[in-house]
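Chains as they are written, first to last, in the numbering used here: chain A, 1 to 487; chain B, 1001 to 1305. The beta-carbon is built from N, C-alpha and C at its ideal position, and this holds for glycine as well. Remarks on the structure that follows.
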């Protein structure tokens, strides 16, 4: 058995962090007044206490935001110099770096993710995306050989609650670099860092209307999707909502990119380094409480090492610290909301009803907030609901395989195709299996790595289009031929 | 025996092309095509849902092995199509003329079609080099992005040009590594049916390209609802109703849907054929269409001692 270390509490200080108790919307460079008649609450998921209140944008507000974005686009942003746009994006990147600790604390307070993750991953990566796309703004001609590149116009962008500021960066940075303006709706439960980001935009002097923020539930998003004034919708969220959005924009000549659900396979071959592979599992499924669309939520392990892997994994899970997101020792923080907690519990119940066996690590978890123990479901089959559907929580299913082909077939046998992982010491096997997996990302001997230069996005029902890299520019531009075809 | 009887022409039966074979539609239904002067040319298959399902099945089976061939081999196979078509171009020109093309426009279309095949044959081993990437991630990983086939693709060829319009859809898909099911022009169906004979005698593996004839408005719904079709290509000259049906219906399994301007109306071919073919030949040479029917796959691997 592993040694159990006792950790002293190491809470991150919140003293230097300030936020309002009530927020309006951010339209045309200014915050509107908080409107108590359209208010909604945002809780701290670690305590269930009220953190702040937001204004729910209605149809009129959305219209005002789209008009402000259109005005900024028409008057200067769409036709301005790429180098100028780049300079604004660089300013954003730099100021996010300066205020990184503050944003990290806010992100963990608002969303429940461990401070270690928001501090080391979410916020630094958000800044890196702005820095990366800043540099593209005046180099677009090199991204699309033989094409004349023009912006699309006004982009409606809708983002989820699992990586609030990071998803904002993924959306806003390439859109602005390409000369578009933006109306962005953060998720209902995580508006705080987006609102603080708008304060930052005021500080760096971004021209009014280039970025507009409308807070609210799904209804606000619908107003945005159905607005006549948008040229593009970028959405990250569930596959169900993604399909609805795609239907809403049918026949309206609106471009779209969708980053949707996933059900990533995490394939361990017998020749893999098992200790490293088990550490990788922790990163694949318990990172951010499993609230990750590309999570490795299906463990596929080769029969000969299955028992050993499961034993090692259980030992490792016993050492995971579930608790206060602001404690620097915490591995698994709070589930984002009561709703999500219910969803995860419901899926685990379905799994048990369908014959799965459940293992959860022991130890104390806080009684006040929304918490869920890291969970293993064994004795599942390919057709089990918990194997086919996305749970979006710290729940890992375990299946075994004998041959390489069986692993590939099982990995591909869901409607999703976002990411998969391969663990083996054999390079040729990585390339063989990797080429057969139907997913936009393949992590080999690693998992859940992200970088602004690295395109991310799904095959099949996991979405369409890519975010990140040079490929991440394509969804935000209009291309026309720039050469004589006959050369 | 009179001279007339000796010279009696043997008319061709026009059929679908599925899995490298030439089956009739299982429905037994057909429509008549006449020449401009009203003579009966052919009975053409009115394909149904069952024909689409059969075609998707063989296309799916053929796709992986087509994708897994070397780029060099794919390039040679596509080039071989141009060789065979070039040898039979006069037959195609005559067929286009029987459908009302002027001699000049028919010749232009064949020239452009052969050119376009050669153009795309040259892309197979260059797509990864021009559009792939090695990504300089800020960690100790080797990271690269490759273009990969999207899978099985359904296409609605424009009404005209009869051959060039269909090839402008087919060729980017062949280069992408996809297998294709294409619905021919309804009024100018014959040249694409005959083109199936070119494919059959080239080295294109059975099932990689499948050709059906029929009415688009009958077939669109079966295409969009089929859960094993990965992408759909249509021409923007399609009616607004059909375009909307494609856009709404393709969300069933999030098919990739693209409208490629590859065609015109039959009337335009007769009135301004020359300039239409010229424009189409030019705009069809667009390698970005290959990217439309591919996915980007990004692979990470750690770098360590």
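Check: Using a 10 Å radius around the Cβ and a threshold of 16 neighbouring Cβ atoms, would you call residue 129/A buried or exposed?; Outcome: buried
Check: Closest to residue 481/A by CA distance: which of 1256/B, 1297/B and 1287/B is it?; Outcome: 1287/B
Check: Out of curiosity, what's the CA-to-CA distance linking residue 291/A and residue 1242/B?; Outcome: 39 Å
Check: If I'm right that residue 77/A touches residue 181/A with Cβ under 8 Å, what's the distance once you round it to whole angstroms?; Outcome: 5 Å
Check: Using the beta-carbon of each residue, which ones in chain B are nearer than 7 Å to residue 449/A?; Outcome: 1139, 1141 and 1300
Check: With a threshold of 16 other CB atoms inside 10 Å of the CB of residue 314/A, please say whether the residue is buried or exposed.; Outcome: exposed
Check: Taking 9 Å as the threshold (beta carbon to beta carbon), is residue 1247/B in contact with chain A?; Outcome: yes
Check: Would you kindly report the start and end of the unbroken beta strand (DSSP E) that includes residue 415/A?; Outcome: Premise fails: residue 415/A is in no beta strand (DSSP E) and is neither H nor E.
Check: On a CA-only basis, which of 1122/B, 1305/B and 1113/B is nearest residue 1162/B? Give me that one, please.; Outcome: 1113/B
Check: Once you ignore the five residues that flank residue 16/A on each side, which residues in its own chain have a CB closer than 6 Å to its CB?; Outcome: none
Check: With distances taken from CA atoms, which of 466/A, 462/A, 455/A and 477/A is nearest residue 1135/B?; Outcome: 455/A
Check: Using the Cα positions of residue 334/A and residue 35/A, report the straight-line distance between them to the nearest angstrom.; Outcome: 29 Å
Check: Under a Cβ-count criterion, where at least 16 other Cβ atoms within 10 Å of its own Cβ denotes burial, should residue 26/A be classed as buried or exposed?; Outcome: buried
Check: Of the residues that make up the region 348-359 of chain A, which ones have a beta carbon closer than 7 Å to any beta carbon in chain B?; Outcome: none
Check: By the 10 Å Cβ neighbour count, where 16 or more other Cβ atoms means buried, how is residue 1007/B classified, buried or exposed?; Outcome: exposed
Check: Would you verify that the beta carbon of residue 1215/B is, or is not, closer than 9 Å to some beta carbon of chain A?; Outcome: no
Check: Do residue 265/A and residue 420/A come within 9 Å of each other at the CB atom, strictly closer than that value?; Outcome: yes
Check: Specify, as a first and last residue, the run of the beta strand (DSSP E) that residue 41/A falls within.; Outcome: 39-44
Check: Taking the alpha-carbon of residue 1296/B as reference, which of 151/A, 215/A, 458/A and 86/A has the nearest alpha-carbon?; Outcome: 458/A
Check: Taking 8 Å as the cut-off, does the region 1039-1046 of chain B touch the region 1062-1079 of chain B (at least 3 CB pairs, one atom from each stretch)?; Outcome: no
Check: Just reading off the beta strand (DSSP E) that residue 1168/B is part of, what are its end residues?; Outcome: Element bounds for residue 1168/B: not the beta strand (DSSP E) but the alpha helix (DSSP H), 1164-1176.
Check: Name the chain B residues that come within less than 9 Å of residue 94/A, Cβ to Cβ?; Outcome: Within 9 Å Cβ-Cβ: nothing; residue 94/A doesn't reach chain B, min ~16 Å.
Check: Since residue 54/A sits in a beta bridge, which residues does DSSP pair it with?; Outcome: 40/A
Check: Under a three-way DSSP split, which group does residue 147/A fall into?; Outcome: strand
Check: Thinking C-beta only, is residue 19/A closer than 9 Å to residue 195/A?; Outcome: yes
Check: Since residue 462/A and residue 262/A should fall inside the 8 Å C-beta cutoff, what is the C-beta to C-beta distance between them, to a whole number of angstroms?; Outcome: 5 Å
Check: Identify which residue in 1245/B, 1272/B and 1231/B has its Cα closest to the Cα of residue 1056/B.; Outcome: 1231/B
Check: Buried or exposed: residue 1313/B, going by 16 or more other Cβ atoms within 10 Å of its Cβ?; Outcome: Residue 1313/B lies beyond the stretch modelled for chain B, which goes from 1001 to 1305, so this question has no answer here.
Check: Which whole-angstrom value is the C-beta distance of residue 285/A and residue 296/A, which I expect to be below 8 Å?; Outcome: 6 Å
Check: Can you list the residues of chain B that residue 404/A reaches, using a CB-CB cut of under 9 Å?; Outcome: Those do not exist, as residue 404/A stays about 15 Å from chain B at its closest Cβ, beyond 9 Å.
Check: I'd like the list of long-range same chain contacts for residue 1165/B, defined as Cβ closer than 6 Å, with 5 residues on each side in sequence excluded.; Outcome: 1157, 1158, 1262 and 1263
Check: Who are the Cβ neighbours of residue 1103/B in its own chain at under 8 Å, not counting the five residues just before and after it?; Outcome: 1093 and 1097
Check: Along the chain, which unbroken stretches of the alpha helix (DSSP H) at least 4 residues long are found entirely within the region 234-321 of chain A?; Outcome: 239-248, 274-281 and 303-318
Check: Using 10 angstroms around the beta-carbon of residue 30/A, count the other beta-carbons present and answer buried if the total reaches 16, otherwise exposed.; Outcome: exposed
Check: By alpha-carbon positions, which one of 448/A, 323/A and 407/A ends up nearest to residue 433/A?; Outcome: 407/A
Check: Taking CB distances under 9 Å as the criterion, tell me whether residue 1135/B reaches chain A.; Outcome: yes
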